[in-house]
Amino acid sequence: MKPLSPLTSLSLSALLLALAGCGPEQFGGGTALPDGSVYTGELENGLFHGEGELNWPDGRHYEGEFNQGQMSGEGRMVFADGCTYAGEFQRGDFHGQGHYACGDAVWDGEFRQGELVQGTVTSAGGDTYRGEFQEYAPHGQGHRTTADGTDYEGTFEYGYLVEGSYRDDEGYQYQGEFEYTYYNGEGELTRPDGTIIRANFQYGEASGEGVRIREGDNGERVEEQGYFVSGRYYPSEQAWRESDTRQRAEMESRLYSEAQRLESAFSGLAPQRPGVRDVYTLIVGGDGTEGVFAREVDWVAQRLGTVFDIEGRQLRLTNGGSGELPMATRTSIRRSLEQLDSILDPQEDLLLVHFVSHGDKNGDLKLAEKNLALNDLSVTEGTQWLDDLETRYQWIIISACYSGQWQQALANPYRAVFASAAADRTSFGCSDDSERTWFSAALYGDALEMGTSDPAAWFTAANQRVTEMEKEQDIAADEHSMPQHSVGKQFLQWWQN
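Residue numbers (numbering that gives the first Met the number 0): 0 to 496.
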């Protein structure tokens, strides 16, 4: 978080020097200035000099030392927005040792002409940076530690590490170049099992020619020249191309059996139980080029199973998984919705859909399998499919960038809709090194323990945790995901009956 240029905006020095010649009005409560501010304290030759207080009409307040009409020496400034600075001033600027607090962040250290140049910033979430600054952002040599114990150390530019080292509590260590917190450029990665990768990295993954050093069968260290694609090691580029061809052939074979796999999943569904509010779930992992989505599908199913009786009443579609589950395509998604709709009681049962994938700026949800191009799912199409169902009560959860567009389109009196981001915001945790997306981790993590009887409360708990995670990672407030939700009045009455 970068504070406003607090003292420059006051034009205080020029104002006070000018007032020396035009004689501010003296009265019992202090000295009134033309802008409505009031000074109480010592004067010398018509200028504020010595100990004094200055109060502005908009709520700003300074108390401390003045020198020849300017704030100089020790003092404390309180701004209209509640931000405060306590420390040394010189000629109206923060200058010297000081302490600046604004929002959930605190800056301590050496200030020069209103800017922090060396010191520490700490967020409420426990994220700490020590080192050099420019415009209140880490810039220069520094060391950042996140609340979960992850360390970044080296050269920072405008808030981001560009070259240095990384280590976390899982045992990953990296030395080299970075871009926007990703390994990016030449570097060396050490994995928890001791394997070392020396290569060029692109967005966190080894790419192209490189070296892998691992432990051999006899315990000796083995160094292997090879070729990396999305972090995967191949003995050579030719070996990768042969593997890619084989995978494409396997994909073709899978396509021929996909209809049978989907029908098999349908045949395993349990019937609706009259007099029981059954919960039927459809869990979809859209983008198979990132492993996080397939992992999330299995985890969400497991977590939902702790609060709902969904044994035999769930369908999972995923791309990029082991191949045991049906693929997530527009066809399989629509057919799955129709199949569930044909089983459950439209007045008695709940349809719960969880969708996780990458989201496009237009709201499209990414559908992709490795080595296979698929058509994405649009907001208009998905909304129409859900509107066409006989099932009245629906709970739709979407973890994807720009998913607020789905919340806006789906909101109606008989639905609860959770979206991981505002219509114009991205969400986080979609990279392949994540176990699950941040919104889902929050929603199905500790927030789930409070129960699902109050949908808005469940969402609020998850939303608060997402915001904490974003602050812990020093994500600027104007880049926060801002999850969205709506809970229809009729849905809530039915759900809590």
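Glycine included, each C-beta is placed from N, C-alpha and C at the ideal position.
Close CB contacts of Y151 within its chain, under the 6 Å cut and outside five residues either way in sequence, are with R143, L160 and Y165 (chain order). Non-local beta-carbon contacts of V77 in its own chain, meaning distances under 6 Å to residues more than five positions away in sequence, involve H60 and T83 in chain order. In this chain, the alpha helix (DSSP H) harbouring A456 covers P454 to E471. Pairing N217 with S206 gives a Cβ-Cβ distance that is not under 8 Å. With fewer than 16 other Cβ atoms from the protein chains shown falling within 10 Å of its own Cβ, L254 counts as exposed.
At a Cβ-Cβ threshold of 8 Å, V352 and G284 do not count as neighbours. In this structure, DSSP gives E337 a helical state, which the three-state scheme calls helix. By the C-beta criterion, the segment 339–353 is judged to be in contact with the segment 384–395, since at least 3 inter-stretch pairs fall below 8 Å. Contact annotation: N374 and R329 have beta-carbon atoms nearer than 8 Å.
DSSP places S439 within a helical segment (H, G or I) once states are collapsed to three. Close CB contacts of D126 within its chain, under the 8 Å cut and outside five residues either way in sequence, are with R143, T144, T145, A146, K470, E471, Q472 and D473 (chain order).
Here the alpha carbons of E50 and F177 stand approximately 49 Å from one another.
A372 is bridged by DSSP to A367. Separation of F47 and S71 (C-alpha to C-alpha, rounded to the nearest whole angstrom) is 11 Å.
DSSP, read as helix, strand or coil, puts G45 in coil. For the options V416, S229, G290 and L268, the alpha carbon positioned closest to that of G487 is the one of V416. Rounded to whole angstroms, the separation of the alpha carbons of Q112 and G45 is 25 Å. For a cut-off of 8 Å, the C-beta gap from V291 to R435 is around 6 Å, short enough to register as a contact.
When DSSP reads this structure, E109 sits in a beta bridge with Q96 and Q117. Around the beta-carbon of E262, fewer than 16 other beta-carbon atoms lie within 10 Å, marking it exposed. Our two residues, F88 and Y171, have alpha carbons roughly 44 Å apart in a direct line. Using a 10 angstroms sphere on the CB of R294, the tally of other CB atoms reaches 16 or more, which defines it as buried.
For A420, no beta strand (DSSP E) run applies, since DSSP gives it neither H nor E.
For G209, the closest of R190, P191 and R231 by C-alpha to C-alpha distance is R231. The segment 270–288 and the segment 315–325 touch, with three or more beta-carbon pairs separated by less than 8 Å. As far as DSSP is concerned, V291 takes part in no beta bridge. Listed in chain order, the non-local C-beta contacts of P270 below 7 Å within the same chain comprise I342, local neighbours out to five positions each way being set aside. Within the segment 108–191, the beta strand (DSSP E) runs of at least 3 residues that lie entirely inside it are, in chain order, 114–122, 127–133, 136–144, 150–156, 159–166, 172–178 and 181–189. With a 10 Å radius around the Cβ and a threshold of 16 neighbouring Cβ atoms, V275 comes out exposed. Excluding residues up to 5 positions away in sequence, T149 lie with their Cβ nearer than 6 Å to the Cβ of D167 in the same chain. Looking only at E162, H357 and K365, the smallest Cα-Cα distance to N183 is reached by E162.
Counting every other CB atom within 10 Å of its CB across the protein chains shown gives V299 a total of 16 or more, marking it as buried.
A441 has its alpha-carbon roughly 25 Å from the corresponding atom of P191. Our two residues, V105 and E52, have alpha carbons roughly 24 Å apart in a direct line.
Q346 carries a coil assignment under DSSP once its states are collapsed to helix, strand and coil. Residue range E204 to E214 is occupied by the beta strand (DSSP E) that includes G209, with no alpha helix (DSSP H) assigned at that position.
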